[in-house]
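Visitor: Below is the structure I would like to discuss, written out as structure tokens.
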Amino acid sequence: GTNAHVIVEEPTPEPGPALTPAPILTPTRELTLKPGTPDNATPPGRLPAVGAPWLLSARGEQALAAQAERLLTHLDRHPEAALVDVGHALAARARHDERAYVVAADRAELLDGLRVLARGKTGPTALRAPAGQPGRTAFLLTGQGSQRLGMGRELYAASPVFAAALDEVCAHLDRELVRPLKQVLFAPEDSADSALLDQTVFTQAALFAVETALFRLAEHHGLTPDYLLGHSIGEVTAAHLAGVLSLPDAAVLVAERGRLMQAAREGGAMAAVEATEQDVRDALAPYGDRVAVAAVNAPRSTVVSGDADAVDELAALFRGRGARTRRLPVSHAFHSPHMDEVLDEFRVVAADLTYHAPRIPVVSNVTGEFATTEELASPDYWVRHIRGTVRFLDGVRLLERHGVTEWLELGPDAVLTALVQASLDGEGGAVAAALRRGRPEGRTFTSALGLLAARGAALRWDTLFPGARPVELPAYPFQRQRYWLAAPATVADAAGFGLGAVGHPLLGAEVSLADRDERVLTGRLSLHAHPWLADHAVAGRVLVPGTGLLEIALAAGERTGARTVDDLTLTAPLTVPAHGGVRVQVTVGAADADGGRSLRIHSRPEQDAAGHEDGDENEGDWTLHAHGALRPDTAAAPATALTAWPPPGATETDLTGAYDRLTELGYAYGPAFRNLRRLWTDGDDLCAEVALDAEQRAQAGWFTLHPALLDAALHTLLPGVARPDGPPLLPFAFSGATVRATGADTLRVRLTRGGADSAPVVSLTVADGAGAPLATIEELALRPLDADAL
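In structure tokens:
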């Protein structure tokens with residue numbers, strides 16, 4: 005490899021003009037909590053009541069799952085670890101292409117989310133973030149029609165910051181309304197106050213209050229926008245948040261706007277039509293001033309507004325063309341000629357307010373371009389705003405052209421985010437909603453923060469993980485890849501010794517006996533030539549797995565034309581010493597009338613007990629490890645595919661910590677043998693998904709069926725995996741083993757169990773990673789592990 009060096013030295017300043025740092029967008033105001041309100045900051049060491057996001061990232065999906073597994077193991081082993089310390093440390097790590105986050109309010113939720121990510125999956129609390137570099141950020145402010153009773157109630161109870169902001173806004177609005185806003189907003193269902201929420205004056209005030217409080221909460225956590233884009237009343241909220249209107253002036257404008265729009269003439273309606281703006285304008289031309297285009301929300305989402313009968317006729321026309329339409333739950337025809345009667349009075353209200361230059365760029369609903377300071381400070385602009393078409397689609401495309409990839413909707417539901425996704429010309433980055441109807445508000449808001457943070461947003465992590473201290477976490481799980489060409493280990497050219505080369509990783513040469521139809525195959529096993537065997541240690545000894553002896557038998561059958569292992573009984577374990585190696589000898593007997601052949605597998609150490617080379621070829625020095633019979637593959641039974649995967653109706657088993665439990669029982673499996681990825685229980689059957697690690701995957705083509713791959717499927721039968729207890733087991737006898745295709749690095753395996761728990765018998769159906777039939781083992785008998793026998 006290469007050496008890497010880091011030189012750390014004091015920087016030497018170069019002469020030149022002083023640089024002015026780029027301006028940092030700071031919170032526009034500080035909230036003052038009312039007496040008796042919980043403190044603005046969560047107590048050190050405790051998570052906020054709404055939870056927090058834990059960030060993970062890696063250079064690939066496997067590494068991401070491995071990182072989740074490592075963190076899960078670390079937390080299992082260190083129950084004393086403070087979650088705020090862990091979360092803050094994760095947030096400080098580098099961001100790689102594969103990104104995920106877990107949203108949790110306590111330890112149990114965090115562990116559950118990590119288990120999901122460790123399996124390569126996602127769930128309600130374990131989520132993935134789109135890859136790619138983030139661009140600029142836009143906040144979206146929702147308009148009328150998205151309101152719902154109780155919006156913000158859960159967040160108000162859980163977040164002191166949100167509660168303080170909402171209280172402050174309501175205090176100003178209550179001076180302009182006939183009823184206290186919170187009394188309407190949080191009214192019991194079916195009460196008289198609850199019905200007021202759908203009255204325009206309360207609807208617009210409630211949306212303004214909730215969206216402003218959501219902005220303050222996002223701001224408290226360090227999340228600030230580059231641009232603001234509202235929808236109708238949402239743009240008024242955007243103007244206040246940008247600093248155009250003070251809170252007292254904004255409260256007056258919002259309240260009077262809602263009152264006057266509600267006072268417009270009756271008989272109006274609005275409907276959303278699945279059609280382009282041009283198609284709608286062509287259709288409404290005969291109606292004159294009776295109907296107008298109220299909003300262009302997406303390429304094929306246009307809202308019409310006007311006389312109720314004309315709106316219904318237009319909706320019926322488009323339904324007849326196969327388009328979807330929806331009558332909007334509003335009391336009047338907003339953004340239409342129905343507003344003309346209230347415009348003069350509204351102009352008087354707007355003219356009495358004080359306006360300021362925006363601190364954050366605001367996109368205009370009126371023009372679809374950035375609103376100028378002159379426009380935002382003009383009463384006439386706000387008059388045009390309630391009468392003209394809302395050009396939301398143009399605003400989205402404007403922001404996309406200006407590099408916005410991160411979108412956060414501040415409102416009671418995911419209304420504008422759906423329109424954004426339908427309007428983007430390219431791929432979006434993060435498109436999130438702060439609240440969603442029917443979902444827990446605290447978790448939804450925190451999940452939105454997590455998505456944007458996973459994409460690269462710079463949050464104030466001290467507000468999410470207060471009082472965090474430095475903590476050591478598991479190292480990054482590098483996915484090591486071998487680039488050298490893999491080849492079977494050979495000591496010398498077999499042909500030079502008058503032998504035939506076998507070309508198998510476990511067998512090097514063969515010889516046919518001159519005077520009878522028998523064959524001998526030989527090989528040499530050592531940890532130097534086969535380092536992956538060191539990862540299969542049982543009861544403290546490196547042991548060739550039973551699947552390795554089966555692999556040797558299958559290779560011998562391939563060379564002699566008897567490809568099915570009819571029977572293979574394991575009589576003694578084959579251990580590999582730490583130094584030196586063992587010689588392996590496979591004898592295949594003469595074919596009988598049906599083509600069947602006997603098989604015996606022996607070994608003996610290369611060195612004697614004194615450590616000297618043992619040149620004595622005395623038969624007594626050889627140990628018989630397995631004997632059995634081979635037969636030609638003449639079975640006509642149809643192959644079984646495993647394409648329905650996971651098996652329908654099966655229950656997945658959580659494999660978290662399974663290999664740690666096996667280590668405690670004496671199965672010291674290293675990375676080359678930790679290949680059990682997922683496991684399901686289907687009645688009495690076990691269904692396993694196994695895959696070689698990256699290093700062994702390159703060698704899979706040299707084997708009939710890689711021993712470490714098939715061995716992993718048998719791990720399901722060990723205690724602490726699919727069953728809580730029972731004796732440790734080892735393979736004892738294989739029957740009817742047939743392989744139809746070779747070289748697989750991923751398997752799906754169905755194990756059908758029988759026999760007693762102390763001496764189980766299973767049959768195996770083996771398929772490749774796509775479910776195509778690969779191999780069958782009619783019967784495998786296991787027996788309890790005898791450590792003394794090793």
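Residue numbers for the sequence shown follow our numbering, so the first one is 5 and each next one is one higher. In this text, a Cβ means the ideal position worked out from N, Cα and C, and glycines have one as well. All values reported here derive from a predicted model rather than from experimental measurement.
1) Please state the DSSP three-state secondary structure of ARG328.
2) Tell me the DSSP bridge mates of GLU783?
3) Report yes or no: do three or more beta-carbon pairs, one from the segment 257-269 and one from the segment 289-304, lie closer than 8 Å?
4) Is PRO303 helix, strand or coil when you go by DSSP?
5) For ALA614, which residues from the same chain have a beta carbon less than 7 Å from its beta carbon, with the 5 sequence-adjacent residues on both sides left out?
6) Just to confirm, is the Cβ distance from LEU578 to ALA557 under 7 Å?
7) Can you tell which of ASN369, GLY324, LEU257 has the C-alpha that lies nearest to the C-alpha of LEU357?
8) Fully enclosed by the segment 138-177, which beta strand (DSSP E) runs are 3 residues long or longer?
9) Alpha helix (DSSP H) containing ARG608: first to last residue?
10) In chain order, which beta strand (DSSP E) runs of at least 3 residues are fully inside the segment 239-319?
11) Let me check understanding here. Comparing Cα to Cα, which of ARG132, ALA67, GLN208, GLY127 lies closest to ALA104?
12) Look at PHE350 and LEU249 and say whether their C-beta atoms are less than 7 Å apart.
13) Just verifying my parser: in three-state terms, what is the DSSP assignment at VAL725?
14) What are the boundary residues of the alpha helix (DSSP H) that VAL88 is part of?
15) Please report the straight-line C-alpha distance between PRO788 and LEU721, rounded to a whole angstrom.
16) Could you check what DSSP says for GLU373 in three-state terms: helix, strand or coil?
17) For ILE364 versus ALA246, is the C-beta distance shorter than 7 Å?
18) Please check the pair THR146 and VAL419, which I expect to be a contact at CB under 8 Å, by giving their CB distance rounded to whole angstroms.
19) Locate the alpha helix (DSSP H) running through ALA479, then write down its first and last residues.
20) What's the call for ILE11, buried or exposed, on a 16-neighbour Cβ count within 10 Å?
21) Just checking, does the segment 322-341 make contact with the segment 276-295 on the three C-beta pairs under 8 Å criterion?
22) If we call anything under 7 Å between Cβ atoms a contact, is HIS583 one with ARG604?
23) Report the option in GLY527, LEU709, GLU239 whose CA atom is closest to the CA atom of ARG395.
24) At the level of alpha carbons, what is the spacing between GLN148 and ALA62?
25) Apply the 10 Å Cβ neighbour rule to GLY544 and answer buried if 16 or more other Cβ atoms are within range, or exposed otherwise.
26) Determine contact between the segment 162-177 and the segment 423-436, defined as no fewer than three beta-carbon pairs at a distance below 8 Å.
27) Using the DSSP secondary-structure output, state which residues sit across from PRO788 in a beta bridge.
28) Tell me the DSSP bridge mates of TYR105?
29) Quick one: Cα of ALA210 to Cα of TRP649, how far?
30) Please state whether DSSP places TRP684 in a helix, a strand or coil.
31) How long is the line joining the alpha carbons of ASP792 and ALA676, rounded to whole angstroms?
32) Let me check understanding here. Comparing Cα to Cα, which of LEU733, THR769, ASP729 lies closest to GLU693?
33) Select from ALA70, LEU318, ASP178, GLU158 the residue whose C-alpha is nearest the C-alpha of ARG285.
34) Assess contact between the segment 531-548 and the segment 561-568, defined as three or more Cβ pairs (one per stretch) separated by less than 8 Å. Is contact present?
35) From the DSSP output, in three-state form, read off ARG665 for me.
Guide: Working from what's here:
1) Secondary structure at ARG328: coil, using DSSP grouped into helix, strand and coil.
2) DSSP links GLU783 through a beta bridge to SER739.
3) The segment 257-269, when compared against the segment 289-304, does not touch it at the 8 Å Cβ threshold.
4) Note: PRO303 maps to coil in three-state DSSP.
5) Caution is warranted here: a pLDDT of 44 is assigned to ALA614, below 50, making its placement in the model unreliable, and no coordinate value can be reported.
6) For LEU578 and ALA557, no; Cβs fall outside 7 Å.
7) That would be LEU257, whose Cα lies nearest to the Cα of LEU357.
8) Runs found: 140-145.
9) Element bounds for ARG608: not the alpha helix (DSSP H) but the beta strand (DSSP E), 601-609.
10) Counting only runs of at least 3 residues, the segment 239-319 fully encloses the following beta strand (DSSP E) elements, listed from N- to C-terminal order: 272-277, 295-302, 305-311.
11) Proximity to ALA104 across ARG132, ALA67, GLN208, GLY127 peaks at ARG132, based on C-alpha coordinates.
12) For PHE350 and LEU249, no; Cβs fall outside 7 Å.
13) Taken through DSSP and simplified to helix, strand or coil, VAL725 comes out as coil.
14) For VAL88, the uninterrupted alpha helix (DSSP H) segment begins and ends at 87-95.
15) The C-alpha of LEU721 is placed about 12 Å away from the C-alpha of PRO788.
16) DSSP places GLU373 in coil when its eight states are reduced to three.
17) Yes. Within cutoff.
18) Their Cβ separation, rounded to whole angstroms, is 5 Å, which keeps THR146 and VAL419 in contact under 8 Å.
19) Element bounds for ALA479: n/a, residue is neither H nor E.
20) With fewer than 16 other Cβ atoms from the protein chains shown falling within 10 Å of its own Cβ, ILE11 counts as exposed.
21) Contact check between the segment 322-341 and the segment 276-295: three or more CB pairs, one atom from each, fall below 8 Å, which counts as touching.
22) Contact check for HIS583 against ARG604 fails: the beta carbons are separated by 7 Å or more.
23) Put simply, of GLY527, LEU709, GLU239 the residue whose alpha carbon is nearest the alpha carbon of ARG395 is GLU239.
24) Between the C-alpha atoms of GLN148 and ALA62 there is a straight-line separation of about 41 Å.
25) GLY544 is exposed by the Cβ-count criterion.
26) By the Cβ rule, the segment 162-177 does not count as touching the segment 423-436, because fewer than three pairs are nearer than 8 Å.
27) The partner list for PRO788 (beta bridge, DSSP) reads LEU733.
28) Bridge partners of TYR105: LEU59, LEU131.
29) About 49 Å.
30) In the structure shown, TRP684 sits in a strand (DSSP, three-state: E or B).
31) Roughly 25 Å between the two C-alpha positions.
32) Ranked by Cα distance from GLU693, the options LEU733, THR769, ASP729 are led by THR769.
33) Ranked by Cα distance from ARG285, the first of ALA70, LEU318, ASP178, GLU158 is LEU318.
34) With the cut-off at 8 Å, the segment 531-548 and the segment 561-568 do not touch.
35) Helix, per DSSP.
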